[in-house]
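Take a look at the structure below.
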Amino acid sequence: MSEADHLFRPSSLNIIYTSKSSNIMKSGISNVHFKNWAETFECVPELFFAPKSQEEIAQILELAREGNKKVKVVGCKHSPSDIACTSGFMISLQNFNQLIEIDKKLLRAKVQAGMKLTELNEILYSHNLCLSVLGSVSDITIGGAISVGTHGTGIEYGNLSSYVTEIELMLSNGTVLTLSPEKDFELFQAAVCSLGSFGIILTVTMQCEKAFNLQMRQYGLPLKEVIENLDVHLTGSDHFRFMWFPYTDNVVVSHATRTEL
Numbered sequence: 001m002s003e004a005d006h007l008f009r010p011s012s013l014n015i016i017y018t019s020k021s022s023n024i025m026k027s028g029i030s031n032v033h034f035k036n037w038a039e040t041f042e043c044v045p046e047l048f049f050a051p052k053s054q055e056e057i058a059q060i061l062e063l064a065r066e067g068n069k070k071v072k073v074v075g076c077k078h079s080p081s082d083i084a085c086t087s088g089f090m091i092s093l094q095n096f097n098q099l100i101e102i103d104k105k106l107l108r109a110k111v112q113a114g115m116k117l118t119e120l121n122e123i124l125y126s127h128n129l130c131l132s133v134l135g136s137v138s139d140i141t142i143g144g145a146i147s148v149g150t151h152g153t154g155i156e157y158g159n160l161s162s163y164v165t166e167i168e169l170m171l172s173n174g175t176v177l178t179l180s181p182e183k184d185f186e187l188f189q190a191a192v193c194s195l196g197s198f199g200i201i202l203t204v205t206m207q208c209e210k211a212f213n214l215q216m217r218q219y220g221l222p223l224k225e226v227i228e229n230l231d232v233h234l235t236g237s238d239h240f241r242f243m244w245f246p247y248t249d250n251v252v253v254s255h256a257t258r259t260e261l
């Protein structure tokens, strides 16, 4: 069973569509039953695509324009909302997931948008690099992670999208844009955390740093005490968070301090 079969459970074979105007063949899977990870939302897109190349993505968008179809891009289904659901075309970038470049001088990594953070983390570690922050879940794509504002912890650190140094997107008309904060500040800021509304993310270049260890301390405290001393906690380590125990007045406090490998 392929990854697409496992993730989306298609109930029919591939069907081929032909563009009458351009005579370009495009393939998609019909009757795909999509559910998000929490199984709170579901849909059945008209066609599901898992392209492997930029050219295939362009062809799918051309087909969508000709048929006046809406297009949604899906990552690993972890969004708690229905943002990926559609009755039109659904595109998964699960096969568009390759490493393009590691810049050891600038400590940057350029990857295709469908690469999962789990894979990116392993690649970076093999080069003695890492991302500055991570969310609670790494089984998500880099394109999806930056698009929804995935964040870690630490008062001195931004969310994942704040570490993007360049992004390449394909607009609905097939135009490809390469944006950076130095050349296209406003467009860049709109694109890096756009909830998928700006275009299909093709590649992402992330600013990384030298790999490090984390020394973790965890302990329980009353919620009131944490709130009253929040400033002390925020500056007491590199990465701080607390998690509330429902139906109690207690929390688990986590402090993580960076140390050298």
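Reminder that position 85 of the sequence shown reads as 85 in UniProt numbering, one-by-one numbering, no gaps.
By construction, the Cβ of each residue, glycine as well, lies at the ideal position given by its N, Cα and C atoms.
Beta-carbon within less than 6 angstroms of Leu177's beta-carbon, same chain only, minus the 5 sequence neighbours each way: which residues are those?
Leu169
Residues sharing a beta bridge with Arg241, DSSP:
Ser254
How is Gly28 classed by DSSP in three states: helix, strand or coil?
strand
Around the C-beta of Ser136, are 16 or more other C-beta atoms found within 10 angstroms, so that it is buried, or is it exposed?
exposed
Mind pulling the beta strand (DSSP E) runs of 3 or more residues that sit fully within the segment 189-234?
200-207, 213-222
Return the residue from the list Glu166, Ile142, Leu131 that minimises the CA-CA distance to Phe96.
If you compare the alpha carbons of Glu166, Ile142, Leu131 with that of Phe96, the shortest gap goes to Ile142.
Between which two residues does the beta strand (DSSP E) containing Leu177 stretch?
176-179
Assigned exposure category for Lys70 - 16 Cβ within 10 Å defines buried:
exposed
From Ile29 to Ser197, what does the alpha carbon distance come to, in whole angstroms?
About 23 angstroms.
Could you work out which residue in Ile123, Ala211, Val232, Gly220 is closest to Thr248 when comparing CA atoms only?
Gly220
In its own chain, which residues sit with a C-beta less than 8 angstroms from the C-beta of Ser87, not counting the 5 before and 5 after it?
Cys43, Val44, Pro45, Glu46, Lys70
Kindly give me the distance between the Cβ atoms of Ile100 and Gln112, rounded to whole angstroms, as I take these residues to be in contact under 8 angstroms.
Contact between Ile100 and Gln112 holds, since their C-beta atoms are separated by about 7 angstroms, short of 8 angstroms.
Under the three-state DSSP convention, the category Phe185 falls into:
helix
Based on the DSSP secondary-structure assignment, which residues constitute the bridge partners of Cys76?
Beta-bridge pairing links Cys76 to no other residue.
Using the Cα positions of Phe48 and Cys85, report the straight-line distance between them to the nearest angstrom.
11 angstroms
Using a threshold of 7 angstroms, state whether the C-beta atoms of Lys77 and Asn36 are closer than that.
yes
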